[in-house]
């Protein structure tokens, strides 16, 4: 199993959790080795996966961030050209503000943002092309703000982003919610809205979805598993079966709960179609921003 | 004194024979991981996670703490003995440490690193225990303008290590800054100086650059002169620190701690800036003039700074639940595995665990010293291997390290390219230190400047908008304006020794 990012990140957690379940129940009949392949937001791993054509003993975790980075790093490797195996999880993104922010609701934010796009500084934990960057851009577009006018600051992950919010260095943060549970519970950060089609659970249950607030946008970060291109159909089906059994295990359901991930198990051709759709959406957002 | 009692309580629950065993395993494993190039503490903890899930949280965290400090210390061993820093934080240690090793003082260099790490780690952990919440509140107030000012200060201070020729020094510095430009522009997504190579898009790994320039450049230089020069046998020195060594080390330890801890506590601080601020300070303060030939202060200071910043990392992690390094991120995800939510309430809701963790940091630190101090003379014997074999070993280690991080042969090519650059720089008498500083500082400075300017909408006055930034600029102004004045005072005192000379240049003028 290849992980296209560093230890401790989202891809790593998902990949290692999956491998943990596979190993414990011995679903593959052998040991699985986990390797982190760093570089260019996952596109180094992506292009290496493409060159492993026909290797039926290799899997790689993939997600929205990797799709985005293949564009921003100019790597010509589309995920649907590899062999899509399964989508595993989804994660909502949230719109976060510090506790003493003048924005009480998502409406306040959108109104101020529309009136003076330059006056609102937004930040996220991913570089251009990543989920935290795509989300505010798509939100701006849905709310009738020119994405090019959005002032976006890149932070090196959730930690530095939170400290920028707590220190009032930026006005709004866009990021996956799981990392912020503690801050929200302590009342230091407020969630104005969540990006999924349903509200979150626990401390996030009070935050409305964007669609509830009259903004027509559903944005979900997702992660799944790819195999290299050119493997046989039988092998593909075997891999899908293995992951299906993993998904149905109690341990995996527990891992979902522990990490605050939403179950979103999609396999085979449906996952294929989903990847094509996501790929196009990323491309069109980046084109809008002249980043392509 | 309530905190003190809590810490004692933590020590009590941490000090069981079983936990001591876990701490010892962690420390040994950590040292091993630190010595091996290419695997950092974050990776090691991630690999351990599946195993530790079956342990109690306390035992698991005691093992992690040992592993973390062990890894921080282990990195200095290869820096000193083989001139191959395993991580960016031990680049500065290699400078004087390797010179000491080659002068037969390897054991002393390792010992001062071990004791310095212990002193800094202990002071740092105690500071974390008593001042975390207060420090964390201050730390989040510092924004990009303050960070930028700190970088400017570091850059101004690099001008003191340019060497005898200012022209060559600046050439090396700007070469370093240019190398630092390679990669994707974070704001516009434009690739810079990547020549269409995907592996270059991510900015160059400072460890590959440093190992290439230091270790490979050195090996090639030695190989090129092997026949013309008589074989230089590394003398076997005393095994322990002398009274003089202690006398020279203790102040740098404390100063290094003072540099390292606050940077570690800052959300975007890191260990690079404090280690080289400490190095530069020691160099400036040194009256002996043996910097560049193996000054013990140059190892003691940066090593203490390195470990103090490693301890400082726990301030944002415990007080705010913020992971500021990869290691902290992995530790926090381990907490989540136990059903504990990291966040500002960690210190109140799970006080027992936090205090046990702090206590285990102290234990891990002590064990590290106990295990490693006797090993220092043994390690130092490694250098008695004959030169051709020793340098072959260094080349092997350097390549393994470059390859192991990403399993990509491209990185070895990159390493060789920087090795050649290092050889050319030695050939033409360019000092290597300014180049390394340029590579480290350039990208950090750029990121912070652009973050500040994006937020302010391009208004440069924002750089003066934070009190700390203003204070630092005043210091810089004093430093620059005060220099001619100090120089005149010095001339009057008729100091003859010139401490700023590089050994490389001397060798060059001899040959």
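Protein chains in written order, with the working numbering: chain A, 15 to 306; chain B, 36 to 546. For glycine and all other residues, C-beta sits at the position ideal for the given N, C-alpha and C.
- In the DSSP assignment, residue 74 of chain A falls outside any alpha helix (DSSP H) and within the unbroken beta strand (DSSP E) covering 74-77.
- Between residue 61 of chain A and residue 233 of chain B, the C-beta gap is smaller than 9 Å, which places the two residues in contact.
- In the DSSP annotation of this structure, residue 290 of chain B is not part of any beta strand (DSSP E); the continuous alpha helix (DSSP H) holding it starts and ends at 278-300.
- Rounded to the nearest angstrom, the Cβ distance from residue 191 of chain A to residue 106 of chain A is 6 Å, consistent with a contact under 8 Å.
- Beta-bridge pairing by DSSP links residue 189 of chain A to A:108.
- Comparing alpha-carbon positions, the option among B:436, B:342, B:408 lying closest to residue 107 of chain B turns out to be B:342.
- Annotation: Cβ neighbours of residue 441 of chain B in chain A (cutoff 9 Å, chain order): 50, 51, 52, 53, 58.
- For secondary structure counted as the alpha helix (DSSP H) over 4 or more consecutive residues, the stretch 354-384 of chain B holds these complete runs in sequence order: 361-372, 381-384.
- According to the DSSP assignment, residue 300 of chain A belongs to the alpha helix (DSSP H) that extends over 282-302.
- In the structure shown, the three-state DSSP call for residue 236 of chain B is coil.
- When C-beta distances to chain A are compared with 8 Å, the residues of the stretch 490-508 of chain B below that value are 490, 492, in chain order.
- Within chain A, no residue has its CB atom less than 8 Å from the CB of residue 167 of chain B, the nearest being about 14 Å off.
- Across the stretch 179-212 of chain A, CB contacts with chain B closer than 7 Å involve 180, 181, 183, 184, 195, 196, 197, 199, 200, 202, in sequence order along the chain.
- A direct Cα-to-Cα measurement between residue 203 of chain A and residue 26 of chain A gives close to 26 Å.
- Neighbours of residue 486 of chain B across chain A, judged by C-beta separation under 7 Å: 167.
- Residue contact check for residue 478 of chain B against chain A: no CB pair falls below 9 Å.
- If you draw a straight line from the Cα of residue 149 of chain A to the Cα of residue 127 of chain A, it comes to about 15 Å.
- By the criterion of at least three beta-carbon pairs nearer than 8 Å, the stretch 188-202 of chain B is not in contact with the stretch 438-458 of chain B.
- Counting along the chain, no beta strand (DSSP E) covers residue 137 of chain B, and no H or E run does either.
- Contact with chain A is found for residue 237 of chain B, since one of that chain's Cβ atoms lies less than 9 Å from the residue's Cβ.
- Excluding its 5 nearest sequence neighbours in each direction, residue 358 of chain B has C-beta neighbours in its own chain below 7 Å: 352, 364, 367, listed in chain order.
- DSSP places residue 328 of chain B outside any beta strand (DSSP E), giving it a letter other than H or E.
- Contact annotation for residue 265 of chain A against chain B: no contact, minimum CB-CB distance about 11 Å [criterion: below 9 Å].
- Each residue's CA atom was taken as its position, placing residue 135 of chain A and residue 164 of chain A some 8 Å apart.
- Of all residues in the stretch 94-113 of chain B, none has a C-beta nearer than 8 Å to a C-beta of chain A.
- Between residue 152 of chain A and residue 293 of chain A the beta-carbon gap is near 15 Å, outside 8 Å, which marks them as no contact.
- Here residue 277 of chain B has 143 as same chain residues with Cβ atoms under 8 Å from its own Cβ, once five neighbours each way along the sequence are excluded.
- For residue 169 of chain A, the secondary structure class from DSSP, reduced to helix, strand or coil, is coil.
- Here the alpha carbon of residue 176 of chain B sits roughly 5 Å from the alpha carbon of residue 181 of chain A.
- Under the three-pair Cβ rule at 8 Å, the stretch 95-103 of chain A counts as touching the stretch 255-274 of chain A.
- Taking a C-beta cut-off of 8 Å against chain B, none of the residues of the stretch 275-301 of chain A qualify.
- In the DSSP secondary-structure assignment, residue 235 of chain A is bridged to A:105.
- Per DSSP, residue 216 of chain B lies in no beta strand (DSSP E); the unbroken alpha helix (DSSP H) holding it starts and ends at 201-216.
- Rounded to the nearest angstrom, the Cβ distance from residue 85 of chain A to residue 290 of chain A is 14 Å, too far for a contact under 8 Å.
- By the criterion of at least three beta-carbon pairs nearer than 8 Å, the stretch 244-254 of chain A is in contact with the stretch 68-80 of chain A.
- Using a Cβ-Cβ cut-off of 9 Å, residue 273 of chain A counts as an interface residue toward chain B, since at least one Cβ of chain B sits closer than that to its own.
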